[in-house]
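Reviewing the structure listed below.
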Amino acid sequence: MGFTSNLCLWITFCLHLCCFINTGKAQNAKEVILLDSKAQQTEMEWISSPPSGWEEISGLDENYTPIRTYQVCQVMEPNQNNWLRTNWIEKGDAQRIFVELKFTLRDCNSLPGVVGTCKETFNLYYQETDSEVGRNIRENQYVKIDTIAADESFTQGDLGERKMKLNTEVRIIGPLSRRGFYLAFQDVGACIALVSVKVYYKKCWSIIENLATFPDTVTGSEFSSLVEVEGMCVSDAEEEADNSPKMHCSAEGEWLVPIGKCICKAGFHQKGDACEPCGRGFYKSSSQDLQCSRCPAHSYNDREGSWRCDCEDGYYRALSDPPSVACTRPPSAPQNLVYNINQTTVSLEWSPPADTGGRNDVTYRIMCRRCSWEPEECVPCGGNVGYSPQQAGLVDTYVSVVDLLAHANYTFEVEAVNGVSDLSRTQRLFAAVSVATSQAAPSQVSEVIKERVQQRSIQLSWQEPELPNGVITEYEIKYYEKEQKDRIYSTVKSRSTSATVNNLKPSTAYVFQIRAFTAAGYGTFGPRVEVTTKEEASGTSLVMHTHTHAHTHTHRDIQTYTDIHTYTHKDRAVHQFAKELDASCIKIERVIGAGEFGEVCSGRLKLPGKRDTSVAIKTLKVGYSEKQRRDFLCEASIMGQFDHPNVVHLEGVVTRGKPVMIVIEYMENGSLDAFLRKHDGQFTVIQLVGMLRGIAAGMRYLSDMGYVHRDLAARNILVNSNLVCKVSDFGLSRVIDDDPEAVYTTTGGKIPVRWTAMEAIQYRKFTSASDVWSYGIVMWEVMSYGERPYWDMSNQDVIKAIEEGYRLPAPMDCPPGLHQLMLDCWQKERADRPKFDQIVGILDKMIRNPNTLKTPVGTCTRPISPLLDQSTPDFAAFRSVGEWLDAIKMERYRDNFTAAGYSSLESVARMSIEDVMSLGITLVGHQKKIMSSIQTMRAQMLHLHGTGIQV
Numbered sequence: 001m002g003f004t005s006n007l008c009l010w011i012t013f014c015l016h017l018c019c020f021i022n023t024g025k026a027q028n029a030k031e032v033i034l035l036d037s038k039a040q041q042t043e044m045e046w047i048s049s050p051p052s053g054w055e056e057i058s059g060l061d062e063n064y065t066p067i068r069t070y071q072v073c074q075v076m077e078p079n080q081n082n083w084l085r086t087n088w089i090e091k092g093d094a095q096r097i098f099v100e101l102k103f104t105l106r107d108c109n110s111l112p113g114v115v116g117t118c119k120e121t122f123n124l125y126y127q128e129t130d131s132e133v134g135r136n137i138r139e140n141q142y143v144k145i146d147t148i149a150a151d152e153s154f155t156q157g158d159l160g161e162r163k164m165k166l167n168t169e170v171r172i173i174g175p176l177s178r179r180g181f182y183l184a185f186q187d188v189g190a191c192i193a194l195v196s197v198k199v200y201y202k203k204c205w206s207i208i209e210n211l212a213t214f215p216d217t218v219t220g221s222e223f224s225s226l227v228e229v230e231g232m233c234v235s236d237a238e239e240e241a242d243n244s245p246k247m248h249c250s251a252e253g254e255w256l257v258p259i260g261k262c263i264c265k266a267g268f269h270q271k272g273d274a275c276e277p278c279g280r281g282f283y284k285s286s287s288q289d290l291q292c293s294r295c296p297a298h299s300y301n302d303r304e305g306s307w308r309c310d311c312e313d314g315y316y317r318a319l320s321d322p323p324s325v326a327c328t329r330p331p332s333a334p335q336n337l338v339y340n341i342n343q344t345t346v347s348l349e350w351s352p353p354a355d356t357g358g359r360n361d362v363t364y365r366i367m368c369r370r371c372s373w374e375p376e377e378c379v380p381c382g383g384n385v386g387y388s389p390q391q392a393g394l395v396d397t398y399v400s401v402v403d404l405l406a407h408a409n410y411t412f413e414v415e416a417v418n419g420v421s422d423l424s425r426t427q428r429l430f431a432a433v434s435v436a437t438s439q440a441a442p443s444q445v446s447e448v449i450k451e452r453v454q455q456r457s458i459q460l461s462w463q464e465p466e467l468p469n470g471v472i473t474e475y476e477i478k479y480y481e482k483e484q485k486d487r488i489y490s491t492v493k494s495r496s497t498s499a500t501v502n503n504l505k506p507s508t509a510y511v512f513q514i515r516a517f518t519a520a521g522y523g524t525f526g527p528r529v530e531v532t533t534k535e536e537a538s539g540t541s542l543v544m545h546t547h548t549h550a551h552t553h554t555h556r557d558i559q560t561y562t563d564i565h566t567y568t569h570k571d572r573a574v575h576q577f578a579k580e581l582d583a584s585c586i587k588i589e590r591v592i593g594a595g596e597f598g599e600v601c602s603g604r605l606k607l608p609g610k611r612d613t614s615v616a617i618k619t620l621k622v623g624y625s626e627k628q629r630r631d632f633l634c635e636a637s638i639m640g641q642f643d644h645p646n647v648v649h650l651e652g653v654v655t656r657g658k659p660v661m662i663v664i665e666y667m668e669n670g671s672l673d674a675f676l677r678k679h680d681g682q683f684t685v686i687q688l689v690g691m692l693r694g695i696a697a698g699m700r701y702l703s704d705m706g707y708v709h710r711d712l713a714a715r716n717i718l719v720n721s722n723l724v725c726k727v728s729d730f731g732l733s734r735v736i737d738d739d740p741e742a743v744y745t746t747t748g749g750k751i752p753v754r755w756t757a758m759e760a761i762q763y764r765k766f767t768s769a770s771d772v773w774s775y776g777i778v779m780w781e782v783m784s785y786g787e788r789p790y791w792d793m794s795n796q797d798v799i800k801a802i803e804e805g806y807r808l809p810a811p812m813d814c815p816p817g818l819h820q821l822m823l824d825c826w827q828k829e830r831a832d833r834p835k836f837d838q839i840v841g842i843l844d845k846m847i848r849n850p851n852t853l854k855t856p857v858g859t860c861t862r863p864i865s866p867l868l869d870q871s872t873p874d875f876a877a878f879r880s881v882g883e884w885l886d887a888i889k890m891e892r893y894r895d896n897f898t899a900a901g902y903s904s905l906e907s908v909a910r911m912s913i914e915d916v917m918s919l920g921i922t923l924v925g926h927q928k929k930i931m932s933s934i935q936t937m938r939a940q941m942l943h944l945h946g947t948g949i950q951v
């Protein structure tokens, strides 16, 4: 007994020592404490069975504050079974519980006479219950968590040296399903002091993210589980359309994977994690706007949180005007109104109003009134009067008023109107003029008879107009082919009421109209009369029919591309070529980029009866117009027609839900140009040729289908995890490059100059041959590991150099055979360029027999001058090697060149790649850049001096 008591004293001393030399860690803000024995300063009164086993004692922490601990040291007697049970612990919402134990344990070897009875471990158990179960411990009702062993045990010598440290062990229990639980500690013969027991669970504390509040959330039951939590928009915010805010609480109590967001409502803007109202004099018309805007001209507001501004008195905003448009007013009256009378036709002309009211939608309308000889007695002209081109909505400042009565008085008012004229309550402003008509022109020729119809002539006759209004001196016959719709017409004059029209085409429908002429002028043309000439008796028609028949029955072995612009309804094209997917089958996981129309995401597609697959998802941003929707889905209508291993595959579209989506196969390595720059110098030539072969095969397929890409470039090639390259980007409306010089505007749109053939730049002649030119640029991009074609040259300099016959030089380490193939693709004449089928054959041969890469064997023999690398300035401008290194941004290697004795540019020009490497330049990209500049320097020296440099 004395030995045991002595051991207890040792443990108590150790407690004081350990607590003194081990400072506690700061409380983890992600933990919710259910039990912390260290915080209990009064007796804990845990159940000990048997009572002579575990003993509750007092100790002191590092601040000499009393703490309650338990100890046991029954090491002299065998078969110990001492249990200690905590009070009942209510778990709350927790499913996974963490138990942290701090304890000291005596080394059995330091205790004499306890061999076989002393242990150095103890066991940890738990029991789940819905309520307290009394003070009896039934061992069979407990579930073992683990056997706890000490990392460090202490001996008598440790006490003297005061070096002991507490052991800390953490165990996890769960998932738990009952309201609470007990912890139990089983001693089987160890000398141990249980310094503290902390029981806690982890949760993600409430946060505000993307203007959404996420509440305190308890972590999941499994270590790898993520708990999805719906966010609630903060005050005066709303969910972004079809993009509700979500976060995921990890097992470690961290918020992960934010999806969706809230945005401030109209009239409010974001400030920090809250939405604040727009101030007086400011507004925000839509939740999609980021900031409040100042009220536009002639508008105001005197309240906070406004979504629009009210117009000042006398100013208005049309129903179609957005809130961002300034308030406007009706225009002033037209100026300088003049007229011209031709019998019963009055022509009016005027000048625009001095004040347009601040709008650019000014049109004109005419009011006509017929007046008696008495003043102030005028009535509207009615429907018998005609206006050319029209009475209202006139854009031009002139009009002709026809079919007026002869010898009558008329008043004409010309009013300028704009989008707010009908909203104004002020008096109308107009210009007016009064005129008197003279003799009227004849009325229409209405009855026309087909007297004789031949293959090339037609004879017509007609009756005199019902109202000749004078002596008719002649008739004018106007005629044209029905298919031309009077865009091109001819006339014939006749002094009688009949005429023969000659030189017509056989089997052709013609339209005829006739009008009469008197001293008062021409009357209006009569009704249209359609007549078809007879068929020609020769075999011409039969030959044409036979040709058409033969053309109808010709066919190709490969599917032909259908131009979607032939569809009146673009949605019909989408649903003909693209599969409609159920949005519930698509899971968006993360945003990987941004396109012209919206975000590009990666995710999973799970179709019924099939495994889920990785996909890329292009989404259409909210607030889109109908045109943007059509343009967005246009790419899917095109892609859906293609099925080739080197063309990106379309999985389908979502058009009947929001967001509108295009789902394509997922290409893990992204765009080819960025992929090559990331892995500069890491591939063999054969690997690069293999990539080029895949691109050429995809383009051969597209060319055979009759599809012209127009924008073939490395940025529009995607690479999967197996380095398979696939042609992509079939949108007809897209941003070519962030660089404003990357496109060259011509009639009809923008062109990527650096990748485009000359005939396409100059005449917009896009063909498969122009795609071959672009493919040659792609070859250059691949072999230079994504370098920019033509370096820093401007677009105009590129065009000029190409017109003068210059072409890009071979990239560093590019085999001559590949560069020759590039030059063949850049032949000026389209017919001289190889076809994609030939290109695939040449690359296949290079892959089978790499020796052919060394021999420049192409499809053409026309000589082409190499273009010097414009990224390296003229070497003559440099006075030293240091200046040259500064210019190519390699100044970090000045000391390397100086130490190796390279003091002149002439000595640098003789360097090889081995010489560069010997300077200690190990980065492949830097080696290539320096060698590329050296090669250009050599070419310049040869050009200027006409002398060879020993290399």
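Going by the UniProt record's numbering, the first residue of the sequence shown is number 1, and it counts up by one from there. Even for Gly, the Cβ is constructed at its ideal location relative to N, Cα and C. Source: prediction; values computed, not measured.
Query raised in the report: Got a sec, what are the start and stop residues for the beta strand (DSSP E) C634 sits in?
Result: Run containing C634: none in the beta strand (DSSP E); it sits in the alpha helix (DSSP H), 626-639.
Query raised in the report: Does DSSP put S933 in a helix, a strand or coil?
Result: helix
Report task. Using only the heavy atoms of the ligand ADP, determine whether one of them is closer than 6 Å to the beta carbon of E665. Result -> For the structure depicted, the ligand ADP is absent and the ligand set is empty, with no information on it obtainable.
Requested in this report: Could you spell out where the beta strand (DSSP E) holding W350 opens and where it closes?
Outcome: 345-351
Query raised in the report: In chain order, what residues of the same chain have a beta carbon less than 7 Å from the beta carbon of Q935, not counting five sequence neighbours either side?
Result: none
Query raised in the report: Which word fits C601, buried or exposed, when buried means at least 16 other C-beta atoms lie within 10 angstroms of its C-beta?
Result: It is buried - the Cβ of C601 has at least 16 other Cβ atoms within 10 Å.
Query raised in the report: Using the beta-carbon count (16 or more within 10 Å), is Q796 buried or exposed?
Result: exposed
Query raised in the report: My guess is that A636 and L620 are in contact by the Cβ rule of under 8 Å, so how many angstroms apart are they, rounded?
Result: Wrong, their Cβ atoms sit about 11 Å apart, outside the cutoff.
Query - With 16 other Cβ atoms within 10 Å as the buried cut-off, status of residue 983 - result: Nothing about residue 983 can be read from this structure; the chain reaches only from 1 to 951.
Query raised in the report: Just curious, the alpha helix (DSSP H) that E781 is in, first and last residue?
Result: 768-783
**Report entry** R528 burial status per 10 Å Cβ neighbour count (16 or more: buried)
**Finding:** That one is exposed.
Report task. Below 6 Å CB to CB, which residues in the same chain sit around I839 once its five sequence neighbours on both sides are set aside? Result -> Cβ-Cβ distances below 6 Å link I839 to A696 in the same chain, with the five nearest sequence neighbours on each side left out; the list follows chain order.
Query raised in the report: Between which two residues does the alpha helix (DSSP H) carrying S703 extend?
Result: 685-704
Report task. Go ahead and pull the three-state DSSP assignment for L460. Result -> Strand at L460.
Query raised in the report: When the Cα of E56 is compared with those of P66, Q71, Y64, T852, which residue comes out closest?
Result: Q71
Query raised in the report: Secondary structure at residue 998, three-state DSSP: helix, strand or coil?
Result: With the chain represented from 1 up to 951, any question about residue 998 goes unanswered, as that position is not in the structure.
Query raised in the report: How is the beta strand (DSSP E) around N795 delimited, first residue to last?
Result: Segment 795-803 is the alpha helix (DSSP H) holding N795; no beta strand (DSSP E) there.
Query raised in the report: Does the distance from the C-beta atom of E304 to that of P322 stay below 7 Å?
Result: no
**Report entry** C-alpha distance - T437 paired with T533, whole-angstrom precision
**Finding:** 43 Å
Query raised in the report: Whose C-beta lies closer than 7 Å to the C-beta of P783 among residues of the same chain, with five residues either side of it excluded?
Result: Looking at the sequence shown, residue 783 is not Pro but Met. Closer than 7 Å at the Cβ level, and outside the excluded window around M783, lie L688, P811, C814, L818.
Query - Exposure of S728, with buried meaning 16 or more beta-carbon neighbours within 10 Å - result: Label assigned to S728: buried.
Query raised in the report: Does DSSP classify R938 as helix, strand or coil?
Result: helix
Query raised in the report: How many whole angstroms separate the CB atoms of E238 and K265, which I take to be in contact at a CB cut-off of 8 Å?
Result: 5 Å
Requested in this report: Determine the direct distance from the alpha carbon of G383 to that of V448, and round the result to whole angstroms.
Outcome: Per the coordinates, the alpha-carbon of V448 lies some 26 Å from the alpha-carbon of G383.
Query raised in the report: Which residues mark the beginning and the end of the alpha helix (DSSP H) in which F897 is found?
Result: 894-899
Query raised in the report: Grouping DSSP H, G and I as helix and E and B as strand, with all else coil, what is A674?
Result: helix
Query raised in the report: If you drop the 5 nearest sequence neighbours on each side, which residues of the same chain put their C-beta closer than 6 Å to that of D737?
Result: Confidence at D737 is low in this model, with a pLDDT of 36, below 50, so its placement is unreliable and the value that follows should be read with caution. There are no such residues.
Query raised in the report: Who does D146 pair with in a DSSP beta bridge?
Result: L124
**Report entry** Alpha carbon of S299 to alpha carbon of C249, nearest angstrom
**Finding:** Answer to the nearest angstrom: the Cα atoms are 48 Å apart.
Query raised in the report: Roughly how many angstroms separate the alpha carbons of W884 and I930, rounded to a whole number?
Result: 10 Å
Query - Same chain only: Cβ atoms within 8 Å of E535, ignoring 5 sequence neighbours per side - result: Q455, P506, S507, S541
Requested in this report: Quick one: give me the first and last residue of the beta strand (DSSP E) that E883 is part of.
Outcome: Here E883 belongs to no beta strand (DSSP E); instead the alpha helix (DSSP H) covers 881-887.
Report task. Assign K265 to one of three DSSP states: helix, strand, or coil. Result -> K265 falls in the coil class under three-state DSSP.
**Report entry** Coarse secondary structure for S383, derived from DSSP in three states
**Finding:** What sits at residue 383 in the sequence shown is Gly, not Ser. Here G383 sits in coil by DSSP.
Requested in this report: Run the CB neighbour count on Q820, radius 10 Å, all protein chains shown included, and call it buried at 16 or more, exposed below.
Outcome: buried
Query raised in the report: Would N360 be called buried (16 or more neighbouring beta carbons within 10 Å of its own) or exposed?
Result: Result: exposed.
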